[in-house]
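**Q** If you read the sequence shown in my numbering, its first letter stands for residue 4, the second for the next number, and so on.
For glycine and all other residues, C-beta sits at the position ideal for the given N, C-alpha and C.
Just so it is clear, the structure is predicted and the values come from calculations on it, not from any experiment.
The structure under discussion is supplied below as structure tokens; questions concerning it will follow.
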Amino acid sequence: MSFTRAAAELCLTQPAVSIQIKQLEGHVGMSLFEQIGKRIFLTDAGRELYGACEDIFARIDALEISLNELQGSIKGQLKLSVVTTAAYFTPHLFKAFLQQYPEVYLNLNVTNRTSILERLANNEDDLVIMGQVPERLHVTAHQFLENPLVVLAPPQHPLVEQSNIPLKRLAQETILIREVGSGTRMAIERCFATQDLELQANMELGSSSNVIS
């Protein structure tokens, strides 16, 4: 959390932001921020106020959508971030939506899980599509699609002709895997960890398409 970054996004000076925060704390009657070392965190009161503000703005957005529907049109910008594995089906998913609401401009950002978590924390998107719901962020999640993980190998690999391969056997193989921070890698590492196995990876790639190719 940074007052400097907030000031830059609001096109204000940092002293102006600090003054507004002091005024808000004076109105609430409680401290909303605390500094630990060089970092700034929300206090309990700050988290309560933040949650209430999120609810208020969500209600305002819902009201705007309802009023637009009464007028017979929905328009504006929809900011959407998706993990790289979702980039394969997202265009097809939103094709029908954009046909129904042609005045909506879709701003699509494809990135990895770590970047999406940062964007969620900074409230940069209206909607995100990812494989695993973050535990430390207050979000509303709806599961709408199964996305199973499968193992791929060249046709000449000795395991290709086998079925029901135990995870312990796969742990003996060198695996091409996604980069640290991706949801796919986290899911695979968690799966191996359930059997106290260590993943042997000698190459990290930044997208699923690179892994396949």
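Out of ALA90, THR46, SER118 and GLU127, point me to the one whose CA is closest to GLN80's CA.
**A** To locate residue 80, count along the sequence shown from 1; it is residue 77. Nearest option by C-alpha distance: GLU127.
**Q** Considering SER21, what are the terminal residues of the beta strand (DSSP E) in which it resides?
**A** Counting from 1 along the sequence shown, the entry for residue 21 is found at position 18. Unbroken run through SER21 is the alpha helix (DSSP H), 17-31; no beta strand (DSSP E).
**Q** Locate the alpha helix (DSSP H) running through SER118, then write down its first and last residues.
**A** Here residue 118 refers to the residue found at position 115 of the sequence shown. Looking at the DSSP string, the run of the alpha helix (DSSP H) that includes SER118 is 116-124.
**Q** How close, in whole Å, do the beta carbons of LEU101 and LEU109 come, if the pair is a contact with beta carbons under 8 Å?
**A** Within the sequence shown, the letter at position 98 stands for residue 101. Within the sequence shown, the letter at position 106 stands for residue 109. Right, the Cβ-Cβ distance comes to about 6 Å (below 8 Å), so this counts as a contact.
**Q** Helix, strand or coil: how does DSSP classify ILE68 here?
**A** Indexing the sequence shown from 1 puts residue 68 at position 65. It is helical.
**Q** With DSSP as the reference, label GLN102 as helix, strand or coil.
**A** The residue given as residue 102 occupies position 99 in the sequence shown. Looking at GLN102 - three-state DSSP - the assignment turns out to be helix.
**Q** Tell me, to the nearest whole angstrom, how far the beta carbon of VAL154 is from that of LEU179; I am working on the premise that it is less than 8 Å.
**A** What you label residue 154 is simply residue 151 of the sequence shown in a count that begins at 1. What you label residue 179 is simply residue 176 of the sequence shown in a count that begins at 1. Rounded, the Cβ-Cβ distance is 11 Å, inconsistent with contact.
**Q** Under the rule that 16 or more other beta-carbon atoms within 10 Å means buried, what is SER69, buried or exposed?
**A** As a working mapping, residue 69 is identified with position 66 in the sequence shown. Result: exposed.
**Q** Can the beta-carbon of GLY184 be found less than 7 Å from the beta-carbon of ASN125?
**A** Working through the sequence shown from its first residue, we reach residue 184 at position 181. Working through the sequence shown from its first residue, we reach residue 125 at position 122. For GLY184 and ASN125, no; Cβs fall outside 7 Å.
**Q** Taking C-beta to C-beta, are LEU123 and LEU140 nearer than 7 Å?
**A** Taking the sequence shown and counting its residues from 1, one reaches residue 123 at position 120. Taking the sequence shown and counting its residues from 1, one reaches residue 140 at position 137. Cβ distance < 7 Å, so LEU123 and LEU140 count as in contact.
**Q** Quick check: the Cα distance between ARG146 and THR87, rounded to an integer number of angstroms?
**A** By one-based count along the sequence shown, residue 146 stands at place 143. By one-based count along the sequence shown, residue 87 stands at place 84. Per the sequence shown, residue 146 should be read as Gln rather than Arg. C-alpha separation (whole angstroms): 17 Å.
**Q** By DSSP, does PHE147 sit in helix, in strand, or in coil?
**A** Position 144 of the sequence shown holds residue 147. Here PHE147 sits in coil by DSSP.
**Q** Closest to ASN150 by CA distance: which of THR187, GLN17 and GLN103 is it?
**A** Counted from its first residue, the sequence shown places residue 150 at position 147. Among THR187, GLN17 and GLN103, the Cα nearest to that of ASN150 belongs to THR187.
**Q** Locate the alpha helix (DSSP H) running through GLY186, then write down its first and last residues.
**A** Against the sequence shown, residue 186 aligns to sequence position 183. Where GLY186 is concerned, the enclosing alpha helix (DSSP H) stretches over 186-196.
**Q** Would you tell me roughly how many angstroms separate the C-alpha atoms of ILE39 and ALA190, rounded to the nearest one?
**A** What you label residue 39 is simply residue 36 of the sequence shown in a count that begins at 1. What you label residue 190 is simply residue 187 of the sequence shown in a count that begins at 1. Computed Cα separation, rounded: 33 Å.
**Q** Considering only their Cβ atoms, is the gap separating TYR104 from ILE132 smaller than 7 Å?
**A** Taking the first residue of the sequence shown as position 1, residue 132 is located at position 129. Taking the first residue of the sequence shown as position 1, residue 104 is located at position 101. Not a contact, by the Cβ cut-off of 7 Å.
**Q** Return helix, strand or coil for LEU173, following the three-state DSSP convention.
**A** Counting from 1 along the sequence shown, the entry for residue 173 is found at position 170. LEU173 falls in the helix class under three-state DSSP.
**Q** Name the two residues that bound the continuous alpha helix (DSSP H) containing PHE36.
**A** Your numbering for residue 36 matches position 33 in the sequence shown. Segment 36-39 is the beta strand (DSSP E) holding PHE36; no alpha helix (DSSP H) there.
**Q** By the three-class DSSP mapping on this structure, what secondary structure does ARG139 have?
**A** For the purposes of this step, residue 139 is taken as the residue at position 136 of the sequence shown. If DSSP states are grouped into helix, strand and coil, ARG139 belongs with coil.
**Q** With H, G and I counted as helix, E and B as strand and the rest as coil, what does DSSP make of LEU155?
**A** For the purposes of this step, residue 155 is taken as residue 152 along the sequence shown, with counting starting at 1. Looking at LEU155 - three-state DSSP - the assignment turns out to be coil, as it is neither helix nor strand.
**Q** By DSSP, does ILE92 sit in helix, in strand, or in coil?
**A** Within the sequence shown, residue 92 is the residue found at index 89, counting from 1. According to the sequence shown, residue 92 is Phe rather than Ile. Coil, per DSSP.
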